[in-house]
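In the working numbering, the protein residues as written are 7 to 373.
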């Protein structure tokens with residue numbers, strides 16, 4: 007190549023480099039000062055939240071993070087670094103060894119620190135996943151009704167499957183309808199008061215994937231409370247209810263669609279249309295959460311730890327939306343006493359079934 011060609015190539019390369027936007031890349035650096043060098047867009051791509059949200063999360067976790075003692079020459083892992091490693095673990099489906107290489111720590115350190123932060127997030131469940139108060143229900147039902155004209159809704163309910171590695175002696179219990187091994191995440195959500203962002207208000211995690219949604223519902227804390235204390239204990243009056251798909255039973259407090267065997271009236275079909283248009287928001291919420299936290303694609307760890315990982319992600323999902331809505335400071339509410347075991351009252355459930363049919367027919371008449 008002639009000198010003239012070399013000079014021309016150099017000028018083209020320099021011109022190209024001048025036009026490029028500089029994005030900071032992580033090297034093998036063990037301290038956290040480089041975090042502030044990320045632009046917001048790149049930080050969100052790497053850690054699944056904005057930098058401002060990350061700092062609030064660090065301040066939220068810090069009081070519960072264990073105090074450590076220096077051992078040998080290895081630097082202590084700070085809470086800032088522990089949170090970043092956990093966000094990488096939950097946000098990307100990559101091996102622990104890759105995260106360890108990135109943060110210049112051993113794979114065992116990544117595992118230990120991620121478990122610590124996950125346990126802290128699980129302990130914060132009752133702070134960030136809370137059932138709506140009576141005073142909030144009017145606003146919630148209006149916001150749901152604004153979506154598709156369906157009245158009285160304060161929450162949508164649905165379940166999704168999280169792929170797992172099942173115990174060797176219980177594989178059939180964890181096989182779902184798609185022939186994958188999974189556990190069920192069943193969730194309720196409502197439209198947030200301030201900016202109509204979707205957040206979870208109750209979750210039930212860990213049921214083997216072979217069980218259907220209606221059976222999972224019967225083991226949830228909401229169902230047990232209703233059977234023990236009555237519908238008013240959760241829904242405050244007869245006007246409010248959840249909305250679920252045809253897998254759920256139609257009850258006074260849970261409106262299901264009419265099953266279509268070709269014999270529905272025009273009003274019943276219209277009811278189903280408005281019902282589906284309202285309920286679909288919970289499916290969108292699951293999609294957003296799985297899109298952000300890639301670890302949910304398949305949790306390849308022992309089954310006893312899977313529920314904690316899924317719960318921590320649900321807490322982070324709510325945390326991100328609540329922080330963006332600037333209502334994170336006053337989320338601690340009175341905790342309801344919900345026992346771990348309760349035998350449902352079948353008579354109460356049958357009565358609710360009849361009342362649910364009457365209530366659904368009244369709603370049909372509105373369309």
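Each residue gets a CB set at the ideal place from its N, CA and C atoms; glycine is no exception.
Would residue i and residue j be called neighbours here (beta carbons separated by less than 8 Å)?
| i | j | result |
| --- | --- | --- |
| residue 63 | residue 318 | no |
| residue 261 | residue 280 | no |
| residue 65 | residue 57 | no |
| residue 326 | residue 84 | no |
| residue 116 | residue 130 | no |
| residue 231 | residue 136 | no |
| residue 267 | residue 274 | no |
| residue 287 | residue 204 | yes |
| residue 383 | residue 147 | Since the first residue shown for the chain is 7 and the last is 373, residue 383 is missing from the structure and cannot be characterised. |
| residue 255 | residue 359 | yes |
| residue 314 | residue 125 | yes |
| residue 225 | residue 239 | no |
| residue 305 | residue 168 | yes |
| residue 312 | residue 89 | no |
| residue 323 | residue 295 | yes |
Taking 7 Å as the cut-off, is the CB of residue i close to at least one heavy atom of the ligand ZN?
| i | result |
| --- | --- |
| residue 89 | Ligands in the displayed structure: none, and consequently the ligand ZN is not present. |
Just to confirm the assignment, what range does the beta strand (DSSP E) spanning residue i have?
| i | result |
| --- | --- |
| residue 207 | 204-214 |
| residue 136 | Note, residue 136: premise wrong, no beta strand (DSSP E); not H, not E. |
| residue 161 | 159-169 |
| residue 50 | No beta strand (DSSP E) holds residue 50; the alpha helix (DSSP H) holding it covers 46-53. |
| residue 82 | Where residue 82 is concerned, there is no enclosing beta strand (DSSP E), given that its DSSP letter is neither H nor E. |
| residue 248 | 247-249 |
Check the C-beta distance from residue i over to residue j and give it rounded, since I have them as a contact under 8 Å.
| i | j | result |
| --- | --- | --- |
| residue 233 | residue 365 | Actually they do not touch by this definition, with Cβ atoms about 18 Å apart. |
| residue 123 | residue 73 | Going by Cβ atoms, the distance from residue 123 to residue 73 rounds to 15 Å, so no, they are not a contact pair. |
| residue 321 | residue 134 | 5 Å |
| residue 299 | residue 54 | 7 Å |
| residue 373 | residue 276 | 4 Å |
| residue 159 | residue 247 | 7 Å |
| residue 92 | residue 120 | 5 Å |
Of all the CB atoms in chain C, is at least one closer than 8 Å to the CB of residue i?
| i | result |
| --- | --- |
| residue 359 | Although the question refers to chain C, the structure presented lacks it and comprises just one protein chain. |
When DSSP labels each residue in this structure, what does residue i get in the three-state scheme?
| i | result |
| --- | --- |
| residue 322 | helix |
| residue 270 | coil |
| residue 257 | strand |
| residue 89 | helix |
| residue 305 | strand |
| residue 155 | coil |
| residue 73 | coil |
| residue 236 | coil |
| residue 98 | coil |
| residue 262 | coil |
| residue 231 | helix |
| residue 243 | coil |
| residue 311 | helix |
| residue 296 | helix |
| residue 365 | helix |
| residue 252 | coil |
| residue 199 | Only weak support is given to the placement of residue 199: the predicted model assigns it a pLDDT of 28, under 50, and the value that follows is read from those uncertain coordinates. Coil. |
At which residues does the alpha helix (DSSP H) containing residue i begin and terminate?
| i | result |
| --- | --- |
| residue 125 | 113-129 |
| residue 372 | Taken as a continuous stretch (DSSP letters only), residue 372 belongs to no alpha helix (DSSP H), as it is neither H nor E. |
| residue 61 | 57-67 |
| residue 43 | Per DSSP, residue 43 belongs to no alpha helix (DSSP H) and is neither H nor E. |
| residue 109 | 102-109 |
| residue 220 | 219-224 |
Worksheet item: Using 8 Å as the threshold, is the region 250-257 in touch with the region 150-166, meaning 3 or more CB pairs across them?
Response: yes
Practice prompt. Check whether the region 281-290 touches the region 91-108, counting contact only when three or more Cβ pairs, one atom from each stretch, lie closer than 8 Å.
Written response: no
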